[in-house]
Structure formats: C-alpha cells, structure tokens
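J.: According to the working numbering, the sequence shown holds residues 22 to 309 in order.
Please see the structure below; I have some questions.
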Amino acid sequence: MASDLPLTPPPGAAADWTVPQDWASYTPADHATWDTLFRRQVEMLHDRAAPEFLAGLDILRLSRPGIPDFAELSERLYRATGWEVVAVPGLVPDAVFFNHLANRRFVAGRFIRRPDQLDYLSEPDVFHDVFGHVPLLANPVFADYMQAYGQGGLRAQGMDALVNLARLYWYTVEFGLLRTPHGLRIYGAGIVSSHGESVFALDDPSPNRLGFDLSRLLRTDYRIDTYQQSYFVIDSFADLLDQTRNTDFAPLYAAVADLPTLAPDAVIPQDRVLHHGTQAYARRMPAA
Ligand code: PHE
Ligand code: FE
C-alpha cells in the first residue's frame, strides 16, 4: 500500500521509486525463511485459498525453492497477463503506487522478515508482497481489476476520496473472501500470507462475514493492528471487476461523504449477513 510521502525518491532509487532487487544479496538464511513460510502457507491454503490464487502459484512456478528473482518472475507473469513485479525500498507515495498499478506494474518490497518474525510483521516484506499479491495477478480478471484500481486511485486523489478508495483495497485486495460452490475461500493477500489469519478468516466465529457491497465498503473503517472484525465476500472476480471498473465512483464518493463512517465491526440492516460475528476475539484484543 501507499502513503503520503514527499515525491522525491530516496537516494539510490529511480525517479519512479524502483530499485534493483539485488537478488544475489539474499543469504541462504533469507531463502530458508521464504521456504519455511511458503511450505507452511501452501499446506494451510490448499483447501482454503481461492482456486485462482492456487492456479497462480503454478503458473508462476512459485513452488521452486528460494525467494523469487523478480526478473524471472516478471517474465512468466508478463506472458500470463502483461503484468510485471518491480522492487521498491519500502512504502511509496500514493501517486507513485497508483501510477505503477495503472501501468500493470506491481511494486514489491525486497527485504525478508527475520526468523523471529514469521507470524507478525508491521511492514510488508517480500513474502507478503510476492506470495500474497502476485499469484492473483496471473489471473486475467484480477489483473484488470488491479489496473483499474490504479487508474481509480489517480482519479480519487483529485476528488479527495483516497480514504474511501483505500477501504476498497483493504477489504478486497488485502482481506477479501470469495464465495465458491465448495464454501468460502480466501483471496486477500493479507490473509493468504498470514498463518493465523488464514484460519481465523474462514473458521473463527468472531468476525462478521458480509456480502460485498461497494458503497457500504467505501465508508467502513478497518483495523491495521490485528485480525479483521469483518470480511466481505465477493461472488466472483468478474463481478468485482464489473461493479468497480464500470461504475463511476464520483457520485458514490459524494454520497458517502454525507454518511457516517461505519465501525470495523458494524452490521447494518442492508447487509447480506453470511455470519454475524461474536467479536469475542476483538474483545480480547482491544483497539491499541
Ligand atoms: N471506476 C472507478 C472510478 O470511477 C475506478 C475504480 C476501478 C476503482 C476499479 C476501483 C477499482 O473512479
Ligand atoms: Fe499488501
């Protein structure tokens, strides 16, 4: 995700904030950390992740050992959907982030977490960014959604609506669930890259699971410090793309500006409630 930084790139970065991945500088311990995380997540996800995500792992040959080399990964990804993965030093300004997405470039962190941080990390590392986000970019429909999101981001900046649009990213790209004939499946990168949340999001009675509702989402706050209190369920990637790319957000932004923000655990009368959460977990982990 992006943030509000000055537009000048840090020393060593290009004008578009990209840096070389410098794959040769990863140590054997770095690669071993990737392998540990990868093995643990794949085992967990085979019957929990969206089929499109699992297909992406295969298309991109992500099961080969070690941290992927972005150049090689980009070659495969480009053949699938015309997307590439580029390295950045950390968070980038919103405009830079949106510009890359609008041009079908996904920006990824290049550092990997330390072995004592396997379960929790406050900043996205290469495992979150690549394992979490890149497999779905091999899916043509999701690939188009991410590009449209980038274009929408550039537009939202001019309408002072970034808080609203960021909520859509959060509840789809990072924490989205998908309805399938076999039950709910995970597609959000924040969930698929987290050992604990990949169980919690589907199985725990605590969080709400609600049908995706675009204008409702634009006014829903989220937690960044713990597991989500609500997850939103899409019917298909095609439906998500259709509801977003083909909708003019300007009137939605104007409408939600006059409505109260909804708390992360809110359930409102218009919700399509798949599961009304007990919020027991959130009560044990009060807001920081
Ligand atoms: N159609 C949206 C707009 O008018 C842009 C958008 C597309 C936003 C896809 C998010 C996802 O701004
Ligand atoms: Fe992410």
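Virtual Cβ for every residue (Gly too), placed ideally from N, Cα, C.
I'd like to confirm something about A210: is its beta-carbon nearer than 7 Å to some heavy atom of the ligand FE, or not?
T.: Correct: A210 has its Cβ closer than 7 Å to the ligand FE.
J.: Taking 7 Å as the cut-off, is the CB of P110 close to at least one heavy atom of the ligand FE?
T.: Checking every heavy atom of the ligand FE against the Cβ of P110, none is found closer than 7 Å.
J.: Check this for me: beta carbons of E105 and R125, under 8 Å apart or not?
T.: Contact: yes.
J.: Work out the CA separation of P86 and A45 for me, nearest whole Å.
T.: Roughly 15 Å separates the two Cα atoms.
J.: Compute the distance between the beta-carbons of Y302 and Y248, then report whether it is under 8 Å.
T.: Closer than 8 Å, so yes.
J.: Which first and last residues belong to the alpha helix (DSSP H) in which L81 is found?
T.: Here L81 belongs to no alpha helix (DSSP H), and DSSP marks it neither H nor E.
J.: Using the rule of at least 16 other Cβ atoms within 10 Å of the residue's Cβ for burial, across every protein chain shown, is M167 buried or exposed?
T.: Burial call: buried.
J.: For A92, verify whether its CB is less than 7 Å away from any heavy atom of the ligand PHE.
T.: Not under cutoff, so the answer is no.
J.: Could you spell out the range, first to last residue, of the beta strand (DSSP E) harbouring A129?
T.: Unbroken beta strand (DSSP E) run through A129: R126 to G130.
J.: So for L205, helix, strand or coil by DSSP?
T.: If DSSP states are grouped into helix, strand and coil, L205 belongs with the strands.
J.: Contact between the region 76-96 and the region 105-119: three or more CB pairs below 8 Å?
T.: Because the criterion of three Cβ pairs below 8 Å is met, the region 76-96 and the region 105-119 touch.
J.: From which residue to which residue does the beta strand (DSSP E) around N229 run?
T.: Counting along the chain, the beta strand (DSSP E) containing N229 begins and ends at N229 to G232.
J.: Shortest alpha-carbon distance to D21 belongs to which of A129, A182, R131 and L83?
T.: Nothing about residue 21 can be reported from this structure: the residues present for the chain run from 22 to 309 only.
J.: Could you check whether the Cβ of F196 sits closer than 7 Å to any heavy atom belonging to the ligand PHE?
T.: Incorrect: F196 has no Cβ contact closer than 7 Å to the ligand PHE.
J.: Over what stretch of residues does the beta strand (DSSP E) that includes Y252 continue unbroken?
T.: Unbroken beta strand (DSSP E) run through Y252: S251 to I255.
J.: Let me know the beta strand (DSSP E) ranges lying completely inside the region 160-206, each 3 residues or longer, listed in chain order.
T.: Here the runs fully enclosed are 198-201.
J.: Considering only the alpha carbon of each residue, which of I212, A164 and T299 lies closest to I245?
T.: Of the candidates I212, A164 and T299, the one whose C-alpha sits nearest the C-alpha of I245 is I212.
J.: Am I right that R230 and L261 are in contact with their C-beta atoms under 8 Å? What's the rounded C-beta distance?
T.: That belief does not hold up - the Cβ atoms of R230 and L261 are roughly 16 Å apart, past 8 Å.
J.: Hey, how far is the Cα of H296 from the Cα of Y47?
T.: If you take the alpha carbons of H296 and Y47, they lie about 43 Å apart.
J.: Is P41 near the ligand FE - that is, is its Cβ less than 7 Å away from at least one heavy atom of it?
T.: Flag unset: Cβ of P41 not near the ligand FE.
J.: Mind reading off the beta-carbon distance from I80 to A101? Whole number of angstroms is fine, and I expect it under 8 Å.
T.: Between A101 and I80 the Cβ distance is about 6 Å, and since that is below 8 Å, they are a contact.
J.: Starting from the N-terminal end, write out each residue whose C-beta falls within a distance shorter than 5 Å of any non-hydrogen atom of the ligand PHE.
T.: Here the list is A169, Y170, G173, R176, T265, R266, D269 and F270.
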